[in-house]
Amino acid sequence: MLVLLAGIFVVHIATVIMLFVSTIANVSRLPWIGHGFHLPQQQLALDTAGRWTRGQSLDLLQSILCVLTASLKAVQAFMILSIIFSVVALVLFIMQLFTLEKGKRFYMTGAVMLVCWMCILIAVSIYTARFTGKVVYSTNPHHGYCFILAWICFCFSFIIGILYLVLRKK
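Right under this line is the structure:
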């Protein structure tokens, strides 16, 4: 039982670290977030074939970037919420480990961890829906390690949340 608790604790700490890394590294993805978008001197727009051309109307480009900016802010907000819930679940687990009576379950910790799981699910879903193959200034679009870490955290937080609900203190 002690080995199982230690294993869950280690996986929980690894999940928190991966959430921090995926969120912090993804903040610098688009440098104009939060500072307003300033177009370069050579303005770009889409022609009818879908290629970027210079000097045409920028309405379409600005609307695309506005949607991407809002989507990325929503993703970052949900990832920050998932970090908060994961840390709260970790602190709650440590508190329940010392204060919970024998034979009781870690319901509160499991519930908070499943809320963390739901926040990761929402963030990754928004990111997948908005950014799959639609990276604006990239010739080789790919999701990168932040996206993969978020999916790993998604799996770990679900497994840990279910284990907390099933686990009894002995």
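For the record, in the sequence shown the residue sitting at position 70 is 76 according to our numbering, with numbers rising by one throughout.
The beta carbon of each residue, even a glycine, is placed where N, CA and C say it ideally should be.
Assignment of beta-bridge partners to Arg-174 by DSSP yields Arg-111. The region 128-136 makes no contact with the region 96-106: fewer than 3 CB pairs, one atom from each, lie closer than 8 Å. One alpha carbon belongs to Phe-26, the other to Cys-125, and they sit about 14 Å apart. Distance between Trp-157 and Leu-11, taken at the CA atoms: about 23 Å. Close CB contacts of Ile-154 within its chain, under the 6 Å cut and outside five residues either way in sequence, are absent.
Using a 10 angstroms sphere on the CB of Leu-169, the tally of other CB atoms reaches 16 or more, which defines it as buried. Phe-15 is not a Cβ neighbour of Ser-77, given a cutoff of 9 Å.
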